[in-house]
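Below you'll find the structure, written out as structure tokens, and then a few comments.
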Amino acid sequence: METSLATKPRGGVPALRFRYLSPADVDELADLWAALHERHRSTAPHLEDIITRVNADESWRRRRAQYLAWLNEPETLALVAERGGESVGYAMVTVRDNQQGSWDRGSRVAVVQTLAVHPDHTATGVGSGLLDELRRQVGAMGILDLELTALATSSEDIRFFEQEGFRPFVTTMVSRIGGFGGHD
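Per numbering that gives the first Met the number 0, the sequence shown starts with residue 0, numbered consecutively.
So this is what it looks like as structure tokens:
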């Protein structure tokens with residue numbers, strides 16, 4: 000696996016460089032996660048009546064622990080996009096066994112657990128660049144499919160993913176057990 004790869008500049012925007020992270024580097028992602036956490040909150044207020052929202056610090060504490068656990072798995076990829084020496088986005092990808100069913104998706108599937116782009120760098124090729132690099136890496140592992148989730152109310156994100164070749168596959172619904180509302 001390459002440790003650094005540069006992309007061609009797009010329309011006067013400096014080139015992206017990619018760097019792979021180890022567990023020791025996870026804290027570099029905290030600010031980008033905080034921006035994504037805020038986007039989640041603003042994009043999905045309709046969930047607050049059934050799911051208890053956590054603050055940014057608690058959200059990062061939980062996600063950081065999950066990242067560290069995932070990075071102990073040999074096929075997990077943590078990729079940071081940098082522009083001009085600044086971290087402008089990242090992706091965390093895990094690999095799971097694929098339960099065979101109605102579609103042939105191969106024996107393993109790569110799952111984009113997080114794709115985060117700094118708000119000041121949206122629509123500058125960061126998300127596309129991260130996905131392109133991920134496709135190269137997981138393709139080299141013999142994996143056929145890359146999957147991800149998007150908030151149902153985030154039409155911008157869904158449109159972007161469709162432009163990147165993703166198609167809706169399943170819909171996840173959530174409900175609080177034993178009552179209604181995030182504060183029951």
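All residues carry an ideal CB built from backbone N, CA and C; glycine is no exception.
Reduced DSSP category for residue i - H, G, I as helix; E, B as strand; rest coil
| i | result |
| --- | --- |
| Glu1 | Any reading at Glu1 is ruled out, since the residue's pLDDT is 39, under 50, leaving its predicted position unreliable. |
| Leu143 | coil |
| Asp183 | Below a pLDDT of 50, predicted positions are generally treated as unreliable, and Asp183, at 45, falls in that range; the measurement from the model is reported next regardless. Coil. |
| Ser86 | strand |
| Leu150 | coil |
| Arg95 | strand |
| Glu81 | strand |
Where residue i falls, given that 16 or more other Cβ within 10 Å makes a residue buried
| i | result |
| --- | --- |
| Ala109 | buried |
| Met0 | At Met0 the pLDDT is 38, less than 50, meaning the model places this residue with poor confidence; the figure from the coordinates comes in the next sentence. By the 10 Å Cβ count, Met0 comes out exposed. |
| Val53 | exposed |
| Leu35 | buried |
| Arg62 | buried |
| His45 | exposed |
| Trp102 | exposed |
| Val169 | exposed |
| Val125 | buried |
Candidates the options: closest to residue i by CA position
| i | options | result |
| --- | --- | --- |
| Leu28 | Ser41, Val169, Glu85 and Thr121 | Glu85 |
| Gln112 | Gly100, His120, Gln65 and Val125 | Gln65 |
| Thr199 | Ser58, Asp96 and Gly88 | Only positions 0 to 183 of the chain appear in this structure, which leaves residue 199 out of reach. |
| Ala90 | Glu47, Gln136 and Ile50 | Gln136 |
| Leu20 | Met140, Arg166, Val79 and Trp102 | Val79 |
| Gly138 | Val92, Arg38 and Arg63 | Val92 |
| Thr171 | Ala149, Ala33, Glu81 and Glu163 | Ala149 |
| Asp131 | Phe160, Asp103 and Ser106 | Phe160 |
| Leu31 | Leu114, Met140, Phe165 and Ile176 | Leu114 |
| Ser58 | Pro13, Glu37, Leu67 and Asn97 | Glu37 |
| His117 | Asp24, Val25 and Ala33 | Ala33 |
| Leu143 | Gly105, Val169 and Arg60 | Gly105 |
| Pro167 | Val173, Ile157 and His39 | Ile157 |
| Met140 | Arg95, Thr152, Gly83 and Ala43 | Arg95 |
| Ser153 | Pro13, Val125, Ser41 and Thr121 | Ser41 |
| Leu219 | Ile50, Gly83 and Gln98 | One cannot answer for residue 219 here, as it falls past the ends of the chain, which runs 0 to 183. |
| Ala55 | Ala23, His39 and Ala43 | His39 |
| Ala151 | Glu74, Ala43 and Gln98 | Ala43 |
| Leu70 | Asp119, Asn97, Ala23 and Thr121 | Ala23 |
| Phe165 | Gly177, Val173, Ile176 and Leu147 | Leu147 |
Whole-number beta carbon distance between residue j and residue i, since they are thought to touch under 8 Å
| i | j | result |
| --- | --- | --- |
| Glu155 | Ser127 | Between Ser127 and Glu155 the Cβ distance is about 14 Å, and since that is not below 8 Å, they are no contact. |
| Leu129 | Leu145 | Contact flag wrong, Cβ pair sits at about 11 Å. |
| Glu81 | Arg18 | 6 Å |
| Val25 | Leu67 | 6 Å |
Closer than 7 Å to chain D by CB, residue i
| i | result |
| --- | --- |
| Asp48 | Of the protein chains in the structure, only one exists, and it is not chain D. |
Q. Which parts of the segment 5-55 are runs of the alpha helix (DSSP H), unbroken and 4 residues or longer, counting only runs that do not cross its ends?
A. Runs found: 29-42.
Q: Go through the segment 99-148 residue by residue and report every complete run of the alpha helix (DSSP H) that reaches 4 residues or more, in order.
A: The DSSP assignment places complete alpha helix (DSSP H) segments of no fewer than 4 residues inside the segment 99-148 at 125-139, in order along the chain.
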